[in-house]
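The next block holds one structure in the form of structure tokens; read it before the comments.
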Amino acid sequence: MVVGEVDGRSDGATAGDMEHSLMAEIEETDKVVVCDLSGVSYVSSAGLRAILVVAKRLSKQAVEFSICGLNGPVAEVFHISGFDRIFKVYEKREEALAEATANSGQA
Numbered sequence: 337m338v339v340g341e342v343d344g345r346s347d348g349a350t351a352g353d354m355e356h357s358l359m360a361e362i363e364e365t366d367k368v369v370v371c372d373l374s375g376v377s378y379v380s381s382a383g384l385r386a387i388l389v390v391a392k393r394l395s396k397q398a399v400e401f402s403i404c405g406l407n408g409p410v411a412e413v414f415h416i417s418g419f420d421r422i423f424k425v426y427e428k429r430e431e432a433l434a435e436a437t438a439n440s441g442q443a
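Per my numbering, the sequence shown starts with residue 337, numbered consecutively.
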């Protein structure tokens, strides 16, 4: 299980870095990735695209992907864009980890 943490802004200038960072982290997982966005203060369409690219790659590898820690403006962008209906979204990291652990059988 991998927990990827993202901090700051995820926009046109930083989305590529976020995507590369998450891709590097997911190389070390076999079944579960939780993306913690609690440190993200802003996300643009470029940031959403980066998350989608990572999620699609994980889906091809049969890896469960979920997101946690959406705060005010980021949660609003996820809701307006429909991303909160595309992905499993949890309020807290602990909830995402508990659900992922229960579903995967990992301890």
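Note that CB positions come from ideal geometry on N, CA and C, so glycine has one too.
Since this is a predicted model, take the numbers as computed values, not measurements.
Requested in this report: Would you mind working out which of Asn439, Lys428, Arg429, Val368 sits nearest Arg393, comparing C-alpha positions?
Outcome: Val368
**Report entry** Beta-carbon proximity check, Ser374 vs Gly405, cutoff 7 Å
**Finding:** yes
Query raised in the report: Helix, strand or coil: which one does DSSP assign to Val369?
Result: strand
Requested in this report: Would you tell me roughly how many angstroms separate the C-alpha atoms of Val390 and Val410, rounded to the nearest one?
Outcome: 18 Å
Query raised in the report: Quick one, which of Phe401, Glu427, Leu384 has its alpha-carbon nearest Ile416's?
Result: Leu384
**Report entry** Completely contained beta strand (DSSP E) runs for the segment 381-413, where each covers 3 or more residues
**Finding:** 400-404
Query raised in the report: Lys428 to Ala386, Cα distance in whole Å?
Result: When rounded, the distance between both Cα atoms is 21 Å.
Query raised in the report: How long is the line joining the alpha carbons of Glu412 and Ser380, rounded to whole angstroms?
Result: 11 Å
Query raised in the report: Are the beta-carbon atoms belonging to Ser395 and Lys424 less than 7 Å from one another?
Result: no
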